[in-house]
Structure formats: structure tokens, C-alpha cells
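S.K.:
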Amino acid sequence: MIHKEKLIRRCLSVLLCMMVMLLAVPTTIAQAQPVVRSSAASLSPTLSVSSQLNQRRYVAAGDRAYELGSEDGRYPAMGFHTRGEMGGIWSPPIKLLDGIWFGINGHWIGPATNFTSGFGYVQMALPTTDGVQVTRTDFAPDGRRAVEFGLTLTAPRSTEFHLNVDAHSELMSAYPWGFTTPNQLQFNLPDSATFNGHQLVFRDVGTPPVPNAPHHDWAAIVGATGLTPIFGTTGSAFRGPQDPPVICPASPGPDQFRCDDTAYGKGAGGELTYEIKLRARAGLTVWFTVAGSDQGLIGAQTEYRAASMRPAGELQAKVAARHVLNSQTQVSLPA
0 MIHKEKLIRR CLSVLLCMMV MLLAVPTTIA QAQPVVRSSA ASLSPTLSVS SQLNQRRYVA
60 AGDRAYELGS EDGRYPAMGF HTRGEMGGIW SPPIKLLDGI WFGINGHWIG PATNFTSGFG
120 YVQMALPTTD GVQVTRTDFA PDGRRAVEFG LTLTAPRSTE FHLNVDAHSE LMSAYPWGFT
180 TPNQLQFNLP DSATFNGHQL VFRDVGTPPV PNAPHHDWAA IVGATGLTPI FGTTGSAFRG
240 PQDPPVICPA SPGPDQFRCD DTAYGKGAGG ELTYEIKLRA RAGLTVWFTV AGSDQGLIGA
300 QTEYRAASMR PAGELQAKVA ARHVLNSQTQ VSLPA
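Residue numbers for the sequence shown follow numbering that gives the first Met the number 0, so the first one is 0 and each next one is one higher.
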């Protein structure tokens, strides 16, 4: 009996690992390009769900970065090691962003109506906004400290519109936690945000005011491949539809059912606006990249350039790698 229970636990562990691998999603900056109805979607088996998406979590993971959010495309505060700060976009050993949000003509795109998990990517069907149909594809390319977000835009007639992107940083180390000594209230330094004419640049530079803390220089960059924004701005807010945020207290204060950030957060925000021209029924995919490094601004710029070179090609490579894993994997569960 004990042997059988151990076998079941092992099988369940293997199944869980497989599910995480299948959910892994690479994200890259991409050039605006004619839509191929997300080529990856036609190359991979998928699983879809449309109910209670705000209660379901997903991970889009590569071997150098990952994204954790809710399946409606939002980024609620989640996690307990440092309360509320374990979601968002990470490139270990640091967190990069609390989240990224998209809008059209100043109207934030609503929560996803359908969520699909494929081999190495996730995809969300988003509500039509100002006459534009939107599908979002997220993935984390292996070997890159970046996550890619592809927005596929289509409309029944030719149109011009503004595409808005909000990003809110949280450059923070994975350790210490919220309840260690020292904790992240003491260790986490405030972020700064600038707009360089093309991308949002977030930085956290300094030495935490605790004994034996090393000096650090962390940076994150957000932008779109092949497009130059017509406007960019920075500030303390910029969380898209999650603004103004619900802030939860630090541990061990009373928790709340749902928050957008916590007292540990010391991030900065910014917004980019792009002018998009869309031909009737032609479709366009615009790729956005979030990249970063714990090796300073030059390191983050290097990661950004590499990740944004071939987002569509990186996605195909990601799916192909997952197919190889799938061909080498077999799971049997006892009755």
C-alpha cells in the first residue's frame, strides 16, 4: 500500500512538471508584421478554458525568464515569501515588472474571454476594443532574459488608432523575503523610470541600508520591435486598468482577498503610445519585449536587442523544442 502511494505521488509530480513545461511561454520584442494567425497556434496541441479566468494562474517560462499572472491577462498581487510580489515578470535572481497592460485609443482592453495553453506559449482572446479585434500571445524565449508579448490586431475595415502600453516596474531581488531579517521593506530600493525616445527604461541602483549588503545595478527595458512611439511618459502610476491600485500591507499585517501591489513595492511606471495603421481584414502582429539584467543598463540593453531580433522565429523555436520534449515523454498513471 505504501509502495503504491509513493508511485502515485511520483506520477503526479511528473505530470505537474510536464504541465509547467507545456505552459512555458517565451516573450520577445517583435517587428510589426502581417499576421499569420499565430503560427505557433497551428503547430501545437492546445488546451483552452473560458471560465473563472481571473481565479486561474498561468506561467510563461523560459530558462532565463518567466511571467506569472492570471488567465484574464491581469497581474494581481500574489505569493507569500514577499507578500504580493511573486507574480509579474522575472529574470532570476531579480524581478523586472509588476505587469504590462494594453489599450486602444485610451481605452484599456478588457479581461481575456478565453485562455489557451500551447507548447511553450500561452494565448488570450481579448474583447474587441474600438472596433479592433485583439489576440495576445505570450512566451519566454529560451536563452533570453526576456518575455515577449505579441498583439495580433484585425479589423473589418481599414482604420488608424493609438495603441497604448503601460508598464510598472518592481526591480527587486528574490531574497531577502518579506519576513526575514533584514526584510524587503528595508532591502528594496526605489526604482526610477525614464523614456529614451524609443523604450521605457527602469533602474534600481544603490546599496541597501542594511549590514553587508552589496551595491547593485539592475535595469529593465520595455518597447516594441519595428515601431517608434509617438509619445512616452513616466511616473509613479501606470498600471493600466489596475490603476489606482489596491495596496495590501506588509507581513504580518492582515491580508486581503485581492490586491494589485503591497507595501513592499517601490516600483515606477511608464506609458508608451504608438500610431497604428491597419488595413481591412489584413491583420497585424506587434511584438513587445520586456528584458532586463542584474548586470546594469548595458546588460539590459544587450538582452533587449537579442530578444527583439526575431520574435516570431523565437516562438517557432520554442514550440519546436517543446515538441522534442513531448516526443521523449510518456506518462502512465495507475488506475
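Glycine residues also receive a C-beta, built at the ideal position from the N, C-alpha and C atoms.
For Q183, count neighbouring C-beta atoms within 10 Å of its own C-beta (all shown protein chains included) and say buried if the count is 16 or more, exposed if not.
M.R.: Q183 comes out buried.
S.K.: Please name the residue, chosen from T301, D293 and T288, that lies closest to L314 on a Cα-to-Cα basis.
M.R.: Considering only alpha carbons, the answer is T288.
S.K.: Give me, in chain order, the residues of the same chain whose beta-carbon lies closer than 6 Å to that of R156; leave out the 5 immediate sequence neighbours on both sides.
M.R.: Result list for R156: A279, in chain order.
S.K.: Just tell me which of P140, T153 and G78 has its CA closest to the CA of A60.
M.R.: Answer by Cα proximity: P140.
S.K.: Looking only at its chain, what residues have a beta carbon closer than 6 Å to the beta carbon of A334, apart from the 5 residues adjacent to it on each side?
M.R.: Answer for A334: no residue qualifies.
S.K.: Rounded to whole angstroms, what is the Cα-Cα separation between T179 and G109?
M.R.: Spanning the two alpha carbons is a distance of roughly 38 Å.
S.K.: Can you tell me which residues form a DSSP beta bridge with T134?
M.R.: BP columns for T134 point to A124 and T151.
S.K.: Can you round the beta-carbon distance between Y74 and N187 to whole angstroms, since I take them to be within the 8 Å contact cut?
M.R.: The pair is not a contact, with the Cβ atoms about 18 Å apart (cut-off 8 Å).
S.K.: What does DSSP give as the partner residues of E169 in its beta bridges?
M.R.: In the DSSP output, where bridge partners are listed per residue, E169 has none listed.
S.K.: Kindly indicate which residue of F230, V323 and A145 has the alpha-carbon position closest to the one of D62.
M.R.: Closest by alpha carbon: A145.
S.K.: Quick one: Cα of H161 to Cα of T272, how far?
M.R.: H161 and T272: Cα-Cα distance of roughly 6 Å.
S.K.: Could you give the residue range of the alpha helix (DSSP H) that holds L184?
M.R.: Element bounds for L184: Q183 to F186.
S.K.: Taking all protein chains shown into account, do 16 or more other C-beta atoms lie within 10 angstroms of the C-beta of Y65, making it buried, or fewer, making it exposed?
M.R.: So Y65 counts as buried.
S.K.: Which residues share a DSSP beta bridge with K94?
M.R.: Answer is W89 and M171.
S.K.: Using CA coordinates, which residue listed in G252, G130 and I297 is at the minimum distance from V200?
M.R.: Comparing Cα-Cα distances from V200 to each of G252, G130 and I297, the minimum goes to I297.
S.K.: What residues in its chain sit with their C-beta under 6 Å from that of I220, if we drop five residues either side in the sequence?
M.R.: Cβ within range, chain order: Q198, V200, A290, A299 and Y303.
S.K.: For the alpha helix (DSSP H) that H322 lies in, which residues bound it at each end?
M.R.: Counting along the chain, the alpha helix (DSSP H) containing H322 begins and ends at P310 to S326.
S.K.: Just grab the DSSP bridge partners of V221 for me.
M.R.: According to DSSP, V221 bridges with L199 and V289.
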